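This report concerns only the one structure given below.
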Amino acid sequence: MVFETLLHRGRESKTPPDTPGPALRAASGRPGALRYPPPPMRWSNYLLSTLREAPGDAEVVSHKLLARAGMLMKVAAGIYSFTPMGFRSLKKMIEIVREEMDRTGALEVDLPIAQPKELWVESGRWDRYMNDGILFHLEDRKATEFALAPTAEEAVTDMVRRSVTSWRQLPFNLYQIRTKFRDEIRPRFGLLRGREFLMKDAYSFDVDQKGLDAHYVKMEKAYRAIFERCGLEYALVQADSGAIGGSASEEFMVVADTGEDALVFSEDGQYGANVEKAITAPLPEPWAGEEEKPFGRADSPTPGIVSTEGQARHLGTTEDRITNTMLYEAIRSDETSFVCAIVIRGDLTINEVKLPKALGVAHVRLVPEERLPEISGCKPGFIGPIGLMAPKGQDEVPVYVDRTMENARNVFCGANEDGTHHSNLSVKRDLKVAGVLEVATARDGDPSPTGTGVLRIKRGIEVGHIFKLGTKYSEAMKCEVADPQQKMIPLTMGCYGLGIGRTVAAAVEQNHDDDGIIWPVPLAPYTVALLSLQRDKEVLEAAEKLYTDLKAAGVEVFWDDRDERPGVKFKDADLIGFPVRVVIGGKALAKGVGEVSTRREKKAEGIAPEKVVEVVKATLAGGARALAV
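With the sequence shown counted from 1, adding 56 to any position gets you this note's numbering.
Below you can see the structure in the form of C-alpha cells.
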C-alpha cells in the first residue's frame, strides 16, 4: 500500500460473537451499575424513521446518511439529537475509547461545562477566544460570567493545583468524555463541524519533559489502538498547535475523499503532515545559473491585469518568475502590531498558519484592502517590495521573503503603481530583506523533505489531536509542586483530544456506498438485521425462533417485523448499514433455508435455519473487512 508506514487500516476488533458488545457490557458490568432488561430490538416498537431524501442542508455523506438512516436529527445549526439507533453507535465508540484510556492507567474525571471567566482570564485565553468569536458565554443572575467549555485546560489545571503539593504524587493522566461547545461561524458538515459536540479530552501531568514524552508516546499508542479497533484507515501527521499552544502536536486523520483537511505524505512513507504544517525540500530555481540583468524600474506595463497567471502570459514569462507581495498586520501576544511585507513566488501561496510562528507573533491578518493605497500607493495585484510607505508608528515596512525567493534574480515584481511591474528584480541586490521565512504551502508533486521522491496529497478528517503543552498553563495558573530539593516548579502538561461524534461520522465517510452506510462491526448499532418478509404464521414463528436464538448467542440483532413490502425492508437495512443481514421468507423457508448476506459484499447464501446462528457468529468473528458467508 502506498504510504503504508503512515496510513494505517485498522483491523476491526473481533469480540467473540457470544460475548455482549461493549455498550451492553458497560450497562451491566461496571461496579454499582443497575441491571435493566434489554431494550426492544423490534422495529414495530422502536423509535426509528428513515428518510428517502437527505435534508436540504446536508452537504457531506455522513450527515446525509445518518439523517436518512434515522440516527441523527438536527435541532439547530450545529446541534443534533441522537435517536436510539444512533446513540447505540455513539455508545460503542465511547466504550472503545474508555477501555483504551483505562488500559493506559488514565483516571476518569468529570469537569464542569460551565466554567468561571476568572479561570480563563488567569490562563490568558478569555480575550483571545472572545475576540475570535468562538466562545459561548453566559451570565448568571448576579452578572457573573461563565464560559461554556470548548476545552478543559483551565478546569483540569485548577483541579490539580488544588490537590497536588509534591512531586511524589506524580505522574498521572486525567480524562473525561464530555460535551463541548464552540460557536462556529458557519456550522456545517453535520457532526464534523458542530457547535455542540462530544469529545474525550485527557491531560497528563509530569515533573519534567522526559515524563511528558513518555505520556505522549503512551497516548499515541492508545489512539492507534482505538482507531484500529474501529476498523478505520487513518494517518498520524504533524500539525499546528493552534490556540491551545504547546511545543509540538500531531493529528490523527481518518482518510476520506470528503475530508475537510489536506494531508501531505512523502512517497517513501517517511513523512506526513497536515498541509498547514507541511514543508518541502528546496524547489528548483528557474533563474539558476543566470547572470543578473539591470533592474528595470516600472518598465513592464500590466494594464488592468491583476492575476498572476494573466500577468505571466502578458509579460511572456512563467508564474514562478512573477513575485507576489502580500501586506500583513502581525499581532504580538501583547496586542501590539506592525505591518510587514511577505514576498513569494507567483506559483506558490502563503501558508497563514505557518506565518505567525515564522514571524514570532501571536497571529496575522491581511491588511484591509481600503488601507493598501496608504502603504503601497496602488491596488491589489501591483504591490511590490520596493518603495512601501510605513504606517504611523513604524519607521519602515520590513520585507520578508519566502525561502524559495532567497536567491531569486531577473524576476518581475509589482511597482506599487496601478498597471505596472518592475523587471529583473534580484533579491540579494535590490531588496533590504528583514528575514528569510519558510511559509509556502506544500503542493502535490513538490520534492519531499526526506530527500527522496515527491509529496502527495490526500484528504482527511481530523478525529484526534495530541499536544505537548509543556508549562504554558501551569505557569500561568501557578500549578506548582515542590521538587526533591523543595523548590517549587510548574508541572509539565500534555493534552490529548479525540472527537467521539466526529469519529463516528468519519467512519461513515469512509464506509458507505450508493445504498447507504456500511458500518464497521465495532460501531454498528446492531450487528445483524433480521428481516421477516411475510406476515404468515410459519414465517413469523421461524423469525421469532431465530431472533430468540441469536439473542441467546450474544448477537446484537434488530428484527424488522413491520408489515412492509420486502423491497422497503431491504432498502432500509442497506441504508442503516447492519453488517450482516438474515432474511426469512416464505419461498426460501419452503425450501428449508434462510438467507444470510453481508452488507459489504452483498452476497447472499441459503442456509438451513438451524445453521444460521452458527454461520452468523462465524461471519462476525471474521471482521467486517473480510466478511464471508
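All residues carry an ideal CB built from backbone N, CA and C; glycine is no exception.
Here the structure is a predicted model, which means the values were calculated and not measured.
>> Assuming the contact rule is C-beta atoms closer than 8 Å, V510 and E323 should be a hit. Round their C-beta distance to whole Å, please.
In response: Position 454 of the sequence shown, counted from the start, is the residue given in the question as residue 510. Position 267 of the sequence shown, counted from the start, is the residue given in the question as residue 323. Contact between V510 and E323 is confirmed by a C-beta separation of about 6 Å, below the 8 Å threshold.
> For D376, does the three-state DSSP call read helix, strand or coil?
Replying inline: Position 320 of the sequence shown, counted from the start, is the residue given in the question as residue 376. Secondary structure of D376 (DSSP, three-state): helix.
>> If I follow the unbroken beta strand (DSSP E) through A490, where does it start and stop?
In response: Position 434 of the sequence shown, counting from 1, holds the residue named residue 490. Boundaries of the beta strand (DSSP E) harbouring A490: V489 to L493, taken from the DSSP string.
> In chain order, what residues of the same chain have a beta carbon less than 8 Å from the beta carbon of A354, not counting five sequence neighbours either side?
Replying inline: Counted from its first residue, the sequence shown places residue 354 at position 298. A471, E473, T476, H477 and H478, listed in sequence order.
> In chain order, what residues of the same chain have a beta carbon less than 7 Å from the beta carbon of V453, not counting five sequence neighbours either side?
Replying inline: Position 397 of the sequence shown holds residue 453. Only V395, C396, A397, I431, L444 and A446 meet the Cβ criterion.
> Looking at the unbroken beta strand (DSSP E) that takes in P546, where does it start and where does it end?
Replying inline: Residue 546 sits at position 490 when you count from the first residue of the sequence shown. Looking at the DSSP string, the run of the beta strand (DSSP E) that includes P546 is M544 to P546.
> What residue does the beta strand (DSSP E) around W615 start on, and which one ends it?
Replying inline: As a first step, residue 615 must be located in the sequence shown, where it is residue number 559. First-last of the beta strand (DSSP E) with W615: V613 to D616.
>> With H, G and I counted as helix, E and B as strand and the rest as coil, what does DSSP make of Y552?
In response: Along the sequence shown, read from residue 1 onward, the residue named residue 552 stands at position 496. Strand at Y552.
> Beta carbon of R53, beta carbon of G633: below 8 Å?
Replying inline: Residue 53 cannot be examined here, being either before or after the span of the chain that is shown, 57 to 685.
>> Buried or exposed, going by whether 16 or more other CB atoms sit within 10 Å of the CB of L103?
In response: Along the sequence shown, one-based indexing puts residue 103 at 47. Flag for L103 reads exposed.
> What are the partner residues of E3, as DSSP defines its beta bridges?
Replying inline: As displayed, the chain neither begins before 57 nor continues past 685, which places residue 3 out of reach and without an answer.
> Is it buried or exposed for L631, if we count other Cβ within 10 angstroms and need 16 for buried?
Replying inline: On the sequence shown, residue 631 is found 575 positions in, with the first residue counted as 1. With 16 or more Cβ atoms within 10 Å of its Cβ, L631 is classed as buried.
> Cβ of V399 within 8 Å of Cβ of T373?
Replying inline: Looking up residue 399 in the sequence shown gives position 343. Looking up residue 373 in the sequence shown gives position 317. No, the Cβ-Cβ distance between V399 and T373 is not below 8 Å.
>> Nearest by alpha-carbon distance to L339: which of A496, T379, F261 and Q326 is it?
In response: As a working note, residue 339 is residue 283 in the sequence shown. Distance check between L339 and each of A496, T379, F261 and Q326 places A496 closest, using alpha-carbon atoms only.
>> In whole angstroms, give me the CA-to-CA distance for W615 and Y603.
In response: Within the sequence shown, the letter at position 559 stands for residue 615. Within the sequence shown, the letter at position 547 stands for residue 603. If I take the Cα positions, the gap works out to 7 Å.
>> Using 8 Å as the threshold, is the C-beta distance between E565 and V117 below it?
In response: Here residue 565 corresponds to residue number 509 of the sequence shown, with the count starting at 1. Here residue 117 corresponds to residue number 61 of the sequence shown, with the count starting at 1. Cβ distance < 8 Å, so E565 and V117 count as in contact.
>> Beta-carbon within less than 7 Å of A79's beta-carbon, same chain only, minus the 5 sequence neighbours each way: which residues are those?
In response: The residue labelled residue 79 in the question sits at position 23 within the sequence shown. Any answer about A79 is weak, because its pLDDT of 39 lies below 50 and its placement is not dependable; what the coordinates show is given next. If we look at A79 and ignore the five residues flanking it on each side, its Cβ neighbours are R144, K147, K148 and E151.
> From D628 to H568, what distance separates their C-alpha atoms?
Replying inline: Residue numbering aside, residue 628 sits at position 572 when the sequence shown is read from its first letter. Residue numbering aside, residue 568 sits at position 512 when the sequence shown is read from its first letter. If you draw a straight line from the Cα of D628 to the Cα of H568, it is about 14 Å long.
> Between I573 and the rest of its own chain, which residues show a CB-CB distance below 8 Å, the 5 nearest in sequence each way excluded?
Replying inline: As a working mapping, residue 573 is identified with position 517 in the sequence shown. The residues are L121, L122, A125, V564, N567, L631, I632 and G633.
> Roughly how many angstroms separate the alpha carbons of S100 and R591, rounded to a whole number?
Replying inline: As a first step, residue 100 is located in the sequence shown; it is residue number 44 there, counting from the start. As a first step, residue 591 is located in the sequence shown; it is residue number 535 there, counting from the start. So the two alpha carbons sit approximately 13 Å from each other.
> Roughly how many angstroms separate the alpha carbons of R515 and M544, rounded to a whole number?
Replying inline: Here residue 515 is taken as the residue at index 459 of the sequence shown, counted from 1. Here residue 544 is taken as the residue at index 488 of the sequence shown, counted from 1. Using only the alpha carbons, I get a separation of about 46 Å.
> Nearest to A646 by CA position, among K625, Y185 and E594, is which residue?
Replying inline: For the purposes of this step, residue 646 is identified with residue 590 of the sequence shown, where counting begins at 1. When the alpha-carbon of A646 is set against those of K625, Y185 and E594, the nearest one is in E594.
> If you drop the 5 nearest sequence neighbours on each side, which residues of the same chain put their C-beta closer than 8 Å to that of G189?
Replying inline: Within the sequence shown, residue 189 is the residue found at index 133, counting from 1. Result list for G189: D239 and I241, in chain order.
> From M157 to G402, what distance separates their C-alpha atoms?
Replying inline: Position 101 of the sequence shown, counting from 1, holds the residue named residue 157. Position 346 of the sequence shown, counting from 1, holds the residue named residue 402. Rounded to whole angstroms, M157 to G402 spans 48 Å at the Cα level.
>> Rounding to the nearest angstrom, what Cα-Cα distance links R98 and M186 in this structure?
In response: For this step, residue 98 is matched to residue 42 along the sequence shown. For this step, residue 186 is matched to residue 130 along the sequence shown. Each residue's Cα considered, the two are about 48 Å apart.
> Residue range of the beta strand (DSSP E) that F237 falls in?
Replying inline: Here residue 237 refers to the residue found at position 181 when the sequence shown is read from its first residue. Run containing F237: F228 to F237, per the beta strand (DSSP E) assignment.
> If you drop the 5 nearest sequence neighbours on each side, which residues of the same chain put their C-beta closer than 8 Å to that of V636?
Replying inline: Numbered from its first residue, the sequence shown carries residue 636 at position 580. Within the same chain, V636 has close Cβ partners T583, V584, A585, V652, S653, T654, R655, V672, T675, L676 and L683.
> Once you ignore the five residues that flank A414 on each side, which residues in its own chain have a CB closer than 6 Å to its CB?
Replying inline: Numbered from its first residue, the sequence shown carries residue 414 at position 358. A distance below 6 Å between beta-carbons, with the five flanking residues on each side excluded, links A414 to the following residues of its chain, in chain order: L493 and V495.
>> Going by DSSP in three states, Q566 sits in which element: helix, strand or coil?
In response: By 1-based counting over the sequence shown, the position of residue 566 is 510. In this structure, Q566 counts as helix in the three-state DSSP scheme.
>> On a Cα-Cα basis, can you pick out the residue from A110, L547, T364 and G180 that is closest to D390?
In response: As a working note, residue 390 is residue 334 in the sequence shown. Nearest Cα to D390 within the set A110, L547, T364 and G180: G180.
> For E164, which three-state DSSP category applies?
Replying inline: Here residue 164 refers to the residue found at position 108 when the sequence shown is read from its first residue. Here DSSP, grouped into helix, strand and coil, assigns E164 to strand.
> Under 8 Å between the Cβ atoms of Y384 and V420?
Replying inline: Sequence index remark: in the sequence shown, residue 384 carries index 328 (1-based). Sequence index remark: in the sequence shown, residue 420 carries index 364 (1-based). In contact: Y384 and V420 (Cβ atoms closer than 8 Å).
> From this set, T559, K601 and E536, which residue's C-alpha is nearest D264's C-alpha?
Replying inline: Position 208 of the sequence shown holds residue 264. Comparing Cα positions, the closest option is E536.
>> Between the alpha carbons of P436 and R184, how many angstroms are there, rounded?
In response: The sequence position of residue 436 within the sequence shown is 380, counting from 1. The sequence position of residue 184 within the sequence shown is 128, counting from 1. Pairing P436 with R184, the inter-Cα distance amounts to about 30 Å.
>> Just checking V584 against the ligand ZN - is the residue's beta carbon closer than 7 Å to any of the ligand's heavy atoms?
In response: The ligand ZN is absent from the structure shown, which contains no ligand whatsoever.
>> Residues in the same chain with beta-carbon distance under 8 Å from P540, minus the five sequence neighbours each way, listed in chain order, please.
In response: Taking the sequence shown and counting its residues from 1, one reaches residue 540 at position 484. The residues are W223.
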